[in-house]
Amino acid sequence: MSDDALQLGTITTHGDGHQGRLTRTFEHPAAKVWGMLTEPASMAQWLSSGTIEQRPGGHVRIDFVDSGIVIDSHVTAFEAGRLLEYSWSSGSEPQRPLRWELAPVADGTQLTLTVGVPAGEDAAKACAGFEGHLQMLAAALEGVPIKFPFETYMKARQGYKDRLGA
Numbered sequence: 000m001s002d003d004a005l006q007l008g009t010i011t012t013h014g015d016g017h018q019g020r021l022t023r024t025f026e027h028p029a030a031k032v033w034g035m036l037t038e039p040a041s042m043a044q045w046l047s048s049g050t051i052e053q054r055p056g057g058h059v060r061i062d063f064v065d066s067g068i069v070i071d072s073h074v075t076a077f078e079a080g081r082l083l084e085y086s087w088s089s090g091s092e093p094q095r096p097l098r099w100e101l102a103p104v105a106d107g108t109q110l111t112l113t114v115g116v117p118a119g120e121d122a123a124k125a126c127a128g129f130e131g132h133l134q135m136l137a138a139a140l141e142g143v144p145i146k147f148p149f150e151t152y153m154k155a156r157q158g159y160k161d162r163l164g165a
């Protein structure tokens with residue numbers, strides 16, 4: 000499977016870490032995509048169980064029960080139906096900002112996800128994980144939720160490693 004078939008995003012050095020930028024177009028209205036990003040029942044179909052208080056400073060809690068990972072942070076940027084940003088971290092962990100942006104396009108909605116990865120962390124792994132979750136989001140939007148696509152993750156991780164020269 001090629002990088003194009005995987006739709007890999009870009010990954011660049013940003014400050015002392017890295018930043019991934021992943022873009023997808025979904026043939027669904029922005030309101031439906033927004034609901035998948037923010038509504039607990041919808042989030043559970045493609046990400047994990049959790050809640051997001053939709054306001055600046057709102058609490059974010061996403062619980063990956065199987066792995067024991069819990070995201071516990073706050074909304075840092077918010078525009079209803081268009082922009083959601085929070086850190087993919089908990090407590091005293093380094094900030095790992097996630098920025099979800101929606102824009103209407105002719106065939107539906109363009110989603111741009113910006114993933115911040117601190118220095119010393121595996122940026123290829125982080126971006127590949129979100130490639131898998133975006134595939135899960137696409138399936139959930141079509142009404143056919145899937146399990147985490149490990150094969151996609153592995154291919155994407157190698158693709159991002161290649162882009163980083165790692």
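All residue numbers for the sequence shown refer to numbering that gives the first Met the number 0, where the first residue is 0 and numbers rise by one.
We treat Cβ as the ideally placed atom computed from N, Cα and C, and that holds for glycine.
From a predicted model like this one, the values you see are computed outputs, not experimental measurements.
Residue i: buried (16+ other C-beta within 10 angstroms of its C-beta) or exposed?
i    : result
D161 : exposed
K154 : buried
S1   : Reliability of the predicted coordinates at S1 is poor, the pLDDT of 43 falling under 50, and the value obtained from them is presented with this limitation in mind. So S1 ends up on the exposed side.
S91  : exposed
A125 : buried
R156 : buried
Q94  : exposed
F149 : exposed
S66  : exposed
D3   : Unreliable positioning characterises D3 in this predicted model, as indicated by a pLDDT of 46, which lies under 50. The coordinate reading is nonetheless provided below. Its Cβ having fewer than 16 others within 10 Å, D3 is exposed.
T37  : buried
A40  : exposed
F63  : exposed
L140 : buried
A105 : exposed
Looking at residue j and residue i, is the spacing between their C-beta atoms short of 7 Å?
i    : j    : result
L82  : A29  : no
I68  : G49  : no
V114 : G19  : yes
L7   : G164 : no
R23  : L110 : yes
Q134 : T108 : no
V59  : Y85  : yes
I70  : W45  : no
Q5   : L112 : For the sequence presented, residue 5 should be read as Leu rather than Gln. The answer is no: Cβ separation not under 7 Å.
Can you tell me where the alpha helix (DSSP H) holding residue i begins and where it ends?
i    : result
R162 : F149 to L163
G128 : A122 to L140
Can you check which of these residues, the options, is closest to residue i by C-alpha distance?
i    : options                 : result
E52  : Q44, H73 and S66        : H73
D15  : T9, V104, A118 and E150 : A118
G191 : H27, I10 and P55        : With the chain covering only 0 through 165, there is no way to say anything about residue 191.
T75  : P55, S89, V59 and F63   : P55
I10  : D121, L140 and G80      : D121
E78  : W99, F63 and L21        : W99
F25  : A138, P144 and V64      : A138
V32  : G80, S89, P144 and F147 : G80
Confirm the yes/no value for this check: CB of residue i, any heavy atom of the ligand HEM, distance under 6 Å.
i    : result
P117 : Among the components modelled here there is no ligand, and therefore nothing to report on the ligand HEM.
If I follow the unbroken beta strand (DSSP E) through residue i, where does it start and stop?
i    : result
W45  : It is not in any beta strand (DSSP E) - W45 instead sits in the alpha helix (DSSP H) that spans P39 to W45.
A102 : P96 to V104
V114 : G107 to V116
I145 : Here I145 belongs to no beta strand (DSSP E), and DSSP marks it neither H nor E.
What are the complete beta strand (DSSP E) segments, minimum 3 residues, inside the segment 22-82?
Counting whole runs of 3 or more residues, the segment 22-82 contains the beta strand (DSSP E) stretches 48-51, 58-63 and 68-78.
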